[in-house]
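Undergrad: Going by numbering that gives the first Met the number 0, the letters in the sequence shown line up with residues 0 to 166, in that order.
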Amino acid sequence: MLVNYLHKIGWFIGLVLLQVLILNNVHIAGYATPFLYIYLILKFESDTPRNALMLWAFFLGLAVDVFSDTPGMNAAATVFLAFLRPVFLRLFVPRDTLDTLVPAIRTMGILPFLKYLVVSVLIHHGLLLALEFFSFAHINTLLLRIATSTLLTVTCIMAVEGIRKKG
């Protein structure tokens with residue numbers, strides 16, 4: 000149990016540092032920015048209580064907000080993702096395997112995991128970037144940023160999954 004928490008804290012610190020030091024400075028074509036830090040929330044066990052998951056999400060988002068100088072936007076979007084994550088798992092995972100499942104390609108299969116991943120990342124990025132824009136005056140730019148950032152984040156998460164699968 001303690002080893003599991005230490006493992007999660009290590010991922011927490013590593014993902015926050017990766018996000019704020021490197022990934023926040025990546026802007027492909029001025030639109031796409033990967034938000035890899037949400038990988039931690041997506042990888043929690045399926046039997047994790049929603050309150051605990053939302054607490055982890057809040058502190059994860061808050062840590063990114065503190066270092067990125069964004070006033071609560073990442074925290075809000077990450078908590079919203081944590082709140083909806085059990086619903087997404089129920090949608091894309093067969094009911095008999097939902098008890099103690101760690102979402103991954105090898106436990107869910109590639110297509111259900113990809114659906115879970117795309118929907119989760121799309122919801123997170125939609126809220127995060129809508130809060131960042133705080134206006135629908137440039138809706139085309141907002142939608143383009145959501146789509147490209149989602150595509151880039153999903154690609155990065157699938158790459159990490161592929162590396163973790165081999166290791």
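Yeah, the Cβ is synthetic: ideal placement off N, Cα and C, and Gly gets one too.
Pro34: buried (16+ other C-beta within 10 angstroms of its C-beta) or exposed?
TA: Within the sequence shown, residue 34 is the residue found at index 35, counting from 1. A small fix is needed here, since residue 34 is Phe in this sequence, not Pro. Buried, by the Cβ-count rule.
Undergrad: Find out if the Cβ-Cβ distance for the pair Thr147, Val120 is shorter than 7 Å.
TA: Residue 147 sits at position 148 when you count from the first residue of the sequence shown. Residue 120 sits at position 121 when you count from the first residue of the sequence shown. Their beta carbons are not under 7 Å apart, which means Thr147 does not touch Val120 by this criterion.
Undergrad: Which residues in the same chain have their Cβ closer than 7 Å to the Cβ of Phe87, if we skip the five residues on either side of it in sequence?
TA: Within the sequence shown, numbered from 1, the residue matching residue 87 stands at position 88. Tyr115, Val118 and Ser119.
Undergrad: Buried or exposed, going by whether 16 or more other CB atoms sit within 10 Å of the CB of Ala28?
TA: Sequence index remark: in the sequence shown, residue 28 carries index 29 (1-based). When all chains shown are included, Ala28 counts as exposed.
Undergrad: State the DSSP-derived secondary structure class of Ala136, mapped to helix, strand or coil.
TA: Position 137 of the sequence shown, counted from the start, is the residue given in the question as residue 136. It is coil, neither helix nor strand.
Undergrad: Using a threshold of 7 Å, state whether the C-beta atoms of Val25 and Val63 are closer than that.
TA: Taking the first residue of the sequence shown as 1, we reach residue 25 at position 26. Taking the first residue of the sequence shown as 1, we reach residue 63 at position 64. No, Cβ-Cβ distance for Val25 and Val63 is not below 7 Å.
Undergrad: Looking only at its chain, what residues have a beta carbon closer than 7 Å to the beta carbon of Gly125, apart from the 5 residues adjacent to it on each side?
TA: As a position in the sequence shown, residue 125 is number 126, starting the count at 1. Excluding residues within five positions, the ones whose Cβ falls inside 7 Å are Ile145.
Undergrad: Between the region 72-84 and the region 127-141, do at least 3 Cβ pairs fall closer than 8 Å?
TA: Yes: the two stretches touch, three or more of their Cβ pairs being nearer than 8 Å.
Undergrad: Flag Leu17 as yes when its Cβ comes closer than 6 Å to any non-hydrogen atom of the ligand ATP, and as no otherwise.
TA: Annotation note on the ligand ATP: not contained in the displayed structure, which lists no ligands.
Undergrad: What number of angstroms, rounded off, separates the C-alpha of Pro102 from the C-alpha of Ser67?
TA: By 1-based counting over the sequence shown, the position of residue 102 is 103. By 1-based counting over the sequence shown, the position of residue 67 is 68. So the alpha carbons of these two residues sit roughly 28 Å apart.
Undergrad: Kindly list the residues whose CB is nearer than 7 Å to the CB of Tyr30, restricted to its own chain and excluding five residues on each side of it in sequence; keep chain order.
TA: As a first step, residue 30 must be located in the sequence shown, where it is residue number 31. So the list reads Leu143, Arg144 and Thr147, once near-sequence residues are dropped.
Undergrad: Going straight from the alpha carbon of Ala56 to that of Pro85, what length do you get?
TA: By one-based count along the sequence shown, residue 56 stands at place 57. By one-based count along the sequence shown, residue 85 stands at place 86. Near 14 Å, if we compare the C-alpha coordinates of Pro85 and Ala56.
Undergrad: Starting from the N-terminal side, write out each stretch of the alpha helix (DSSP H) that is 4 residues or longer and does not extend beyond the region 72-97.
TA: 72-91
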